[in-house]
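Data block below; observations after.
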Amino acid sequence: MRFLIVACILASVTISSCSSGPKTKQNKYARLQNSKDFENEYDVVWKAIVLATEDYKTVEKDAETGHLTTDWVYATSNEKYFEYTVNGLPRKKYLQTRSKFQIIAQRKLGSVNVSVSPVEQVEKIKEDGTFDDWTDSDQIDSARANDVLKKIELSILKL
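Following the numbering used here, the numbering of the sequence shown begins with 513 at its first residue and continues without gaps.
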């Protein structure tokens, strides 16, 4: 019986020591919209999409199908972080993220629907605080897609 208890304790210590870094946490914010109908002509909306994404490297841009896909866009997360302590005081470090945006413009009666679908990855951190790798995020930051929609809306006003 003692052998079983000791074996269980050793197994739990071994499993917990194999973790690759601190546990990532996430602030809980309201989900923001990632699509919007614009009451403008398709050509105006498409030009606004191109203008709004001119700071991003694009990997696909097709006005005929209404698809635009960006390459990775790097930023600091608004909501993903890990906690640690220094001299007994709690600290938070917000993680780096990278996102690819797929923007789709679809003609509708009287408007153009624009949807922004991000793919997000979050940096993994080693126990010593250095970068390890990127990992897919299961909870995508909706503020990023909403920011792209706002840029498109502002670009329409400039045209």
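Every residue gets a Cβ at the ideal spot worked out from N, C-alpha and C, and that includes glycine.
Query                                                                                                                      : Result
Alpha-carbon to alpha-carbon, F594 and T536                                                                                : 5 Å
Anticipated Cβ contact below 8 Å, E628 with V660, distance rounded                                                         : Going by the sequence as given, residue 628 is Val instead of Glu. Yes, they are in contact, since the Cβ atoms of V628 and V660 sit about 5 Å apart, within 8 Å.
Same chain, Cβ closer than 8 Å to V557, five either side skipped, listed in chain order                                    : F550, A617, V624, V626, I664, I668
Beta-carbon contacts of D583 that lie in its chain and below 8 Å, excluding the five residues immediately before and after : Y568, K569, T570, V571, K612
Rounded C-alpha distance that separates K592 from Y606                                                                     : 6 Å
Straight-line Cα distance separating L544 from I561                                                                        : 19 Å
Which listed residue (L671, P630, K670) has its alpha carbon closest to that of Q651                                       : P630
Cβ neighbours of G581 in the same chain (closer than 6 Å, five flanking residues each side left out)                       : The residue asked about is misnamed: residue 581 is Thr in this sequence, not Gly. These residues qualify, in order along the chain: V571, E572, Q614.
Spatially closest choice to K670 from E632, L563, S547, by CA coordinates                                                  : L563
First and last residue of the uninterrupted alpha helix (DSSP H) at A657                                                   : 654-670
Rounded separation between S528 and E639 - CA only                                                                         : Interpretation of S528 is limited by its pLDDT of 38, a score under 50 that renders its predicted location unreliable; the figure taken from the coordinates is listed afterwards. The straight-line gap from Cα to Cα measures roughly 13 Å.
Alpha-carbon to alpha-carbon, N590 and S654                                                                                : 10 Å
Every unbroken beta strand (DSSP E) within the region 576-639, with a cutoff of 3 residues, ordered by chain               : 579-582, 585-598, 601-620, 623-637
D555 - DSSP class collapsed to helix/strand/coil                                                                           : helix
Straight-line gap, Q608 to D648 (C-alpha atoms, nearest Å)                                                                 : 12 Å
Alpha carbon of N552 to alpha carbon of L621, nearest angstrom                                                             : 11 Å
Run of the beta strand (DSSP E) containing K569, from where it starts to where it stops                                    : Here K569 belongs to no beta strand (DSSP E), and DSSP marks it neither H nor E.
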